[in-house]
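Taking it in order: structure first as structure tokens, then the write-up.
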Amino acid sequence: VKAVAIARGFVAPSGIDLICIPAFTDIEIDGEERTAIRIIVEPR
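At the far end of the sequence shown sits residue 95, using this note's numbering, and the numbering has no gaps.
Rendered as structure tokens:
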């Protein structure tokens, strides 16, 4: 989340407004399936 806030400030002077969309995704860690949060960042 901090990285998204920094990125928004970085690209704002160029007129780009970023949005973030949180989503769940399944990943595998040590052979076990786990749920992770994916943050999709797109220009608005």
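Ideal placement from N, C-alpha and C gives every residue a C-beta, glycine not left out. For clarity, every value in this text was computed on a predicted model and none was experimentally measured.
Practice item. Pick helix, strand or coil for V55, following the three-state DSSP scheme. Key: Taking the first residue of the sequence shown as position 1, residue 55 is located at position 4. In this structure, V55 counts as helix in the three-state DSSP scheme.
Check your understanding: Can you give the Cα-Cα distance for I78 and P64, rounded to whole angstroms?
Key -> Within the sequence shown, the letter at position 27 stands for residue 78. Within the sequence shown, the letter at position 13 stands for residue 64. When rounded, the distance between both Cα atoms is 36 Å.
Point to revise | beta strand (DSSP E) segments (min. 3 residues) lying fully within the stretch 69–95 | key: 69–80, 83–94
Exercise for review: Return yes when the Cβ of F75 is within less than 9 Å of the Cβ of I91, no when it is not.
Suggested key: Your numbering for residue 91 matches position 40 in the sequence shown. Your numbering for residue 75 matches position 24 in the sequence shown. No, they are not a contact pair.
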